[in-house]
Structures are given as structure tokens and as C-alpha cells.
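Letter by letter, the sequence shown follows residues 1 to 175 of full-length UniProt numbering. Below is one structure, written out as C-alpha cells; comments come after it.
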Amino acid sequence: MLKGIGSWILDIIIILIVVYLITTFVGQRTSVIGDSMKPTLQNGNQVIIDKLSYRFTEPKRFDVIVFPYKMNPNQLYIKRVIGLPGETIQLVNGEIYIDGAVLEEDYGLEVFLNAGIGTDPVVIADGEYFVLGDNRNNSSDSRFVDVGNVPKGDIVGRAWIKIWPLKDFGLLKHD
Numbered sequence: 001m002l003k004g005i006g007s008w009i010l011d012i013i014i015i016l017i018v019v020y021l022i023t024t025f026v027g028q029r030t031s032v033i034g035d036s037m038k039p040t041l042q043n044g045n046q047v048i049i050d051k052l053s054y055r056f057t058e059p060k061r062f063d064v065i066v067f068p069y070k071m072n073p074n075q076l077y078i079k080r081v082i083g084l085p086g087e088t089i090q091l092v093n094g095e096i097y098i099d100g101a102v103l104e105e106d107y108g109l110e111v112f113l114n115a116g117i118g119t120d121p122v123v124i125a126d127g128e129y130f131v132l133g134d135n136r137n138n139s140s141d142s143r144f145v146d147v148g149n150v151p152k153g154d155i156v157g158r159a160w161i162k163i164w165p166l167k168d169f170g171l172l173k174h175d
């Protein structure tokens, strides 16, 4: 009987270690709060974050990333990568310019009304990313100094799978 209990306790310890390793290094579930990523993500959606990819690759344009809000590191933000390291971003008349050329994209829910700091050219430093919410007029993102450019080291991971509500279950579009 003691041998059976010891084996059961060992199994529980192994399961806890595996769960810890997966949630620390591989994946994590998070909830979407707010409508800044509409129509891609809605308030209350549940997503799985891929925490492993960016250990081996760099974020790409249009990836949906998760990072802590610098004014409250316990609050995670979900936004789309628009500008990459070394690029110059400028937001003019509802258009996004990268290195002087208009970015062709269809993620924005609407034409943004407030360019924030993007009114003037913003040079993205090495290891940083310029992010925008898909619901541009209802998003706190890199256009505003409280968010700013996101350092790669602050990125928790890439929003990977929408798991809730079940009717919307599936991979998120990143390109």
C-alpha cells in the first residue's frame, strides 16, 4: 500500500513539473480584455500564447504578440507587429508608411484618427517593434508613449490559437 501511495505521489510531482515547464517555456492561456484587436479578437476571447517560437526566430510583420503593459507589468497587451527593427514608421492621413512607402495591409478595422507620436517619423531601434491594435481608434499601442515600441525581451510570445468561444476555435492569422 505504501508503495502504491509513493508511486502516486511521484506521478503527481512529475505531472506538476511537466505542467510548470510547459506553462513557463512553451505555452500559456490568456484572456483578451477589451476590443483593441477587433475583429481578430474580441473581449473575452481565450487564446493560447506560443512562448517558444521567439526563442529561435524574430517576430515578423503582422504577428499578433503578447507583452506586458509597461505601466502595469501584470497586465498583458495583445497587438499586431507593424514595424520591425531599423525601419522608420510614420502615420499620415490614416495611412501607415514604412521607410516612406505605404504599408499594404487589411487588418485595421477602420482608418485611425489619432496618429499619436507617429505623426512624426519614428525610427525603430534594434530589438524593438512598433505595434498597433486592429481596432485602431480603440487601441492603446505604440502610437502612445505609455506603450511605445516593444522590446523583444518584453514579448511573452505570439498569440497562436483562439480557444474560446468554441465556435471561433482556430489558429490566428499572422501574415
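From the three backbone atoms N, C-alpha and C, an ideal C-beta is built for every residue, glycine too. Fair warning: this is a prediction, and the values are worked out from it, not measured in the lab.
Subject >> Reduced DSSP secondary structure (H/G/I, E/B, other) of Tyr107 >> reply: coil
**OP:** Using the DSSP secondary-structure output, state which residues sit across from Ile65 in a beta bridge.
**Re:** Lys79 and Arg158
Subject >> Buried versus exposed, by CB contacts within 10 Å (16 or more), Lys51 >> reply: buried
Original post:
Any heavy atom of the ligand SAM closer than 7 Å to the Cβ of Gly153?
Top reply: Judged by which ligands are present, the structure shown has none, so any question about the ligand SAM falls away.
**OP:** State the CB to CB distance for the pair Asp141 and Val131, rounded to an integer number of angstroms; the pair is presumed to be in contact (CB under 8 Å).
**Re:** 5 Å
Original post:
Hey, out of Lys162, Lys167 and Val150, whose CA is closest to Tyr70's CA?
Top reply: According to the sequence as given, residue 70 is Lys; it is not Tyr. Comparing Cα positions, the closest option is Val150.
Original post:
Going by C-alpha distance, which of Glu128, Val32 and Lys152 is nearest Gly86?
Top reply: Glu128
Subject >> Three-state secondary structure assigned by DSSP to Val147 >> reply: coil
**OP:** Would you decide whether Phe112 is buried or exposed? Buried here means 16 or more other CB atoms lie within 10 Å of its CB.
**Re:** buried
**OP:** Between the Cα of Arg80 and those of Gly100, Leu10 and Tyr107, spot the shortest distance and give me the residue it belongs to.
**Re:** Tyr107
Original post:
Which class does Leu172 belong to by DSSP, given the choice of helix, strand or coil?
Top reply: coil
Original post:
So what's Thr88 in DSSP terms, helix, strand or just coil?
Top reply: strand
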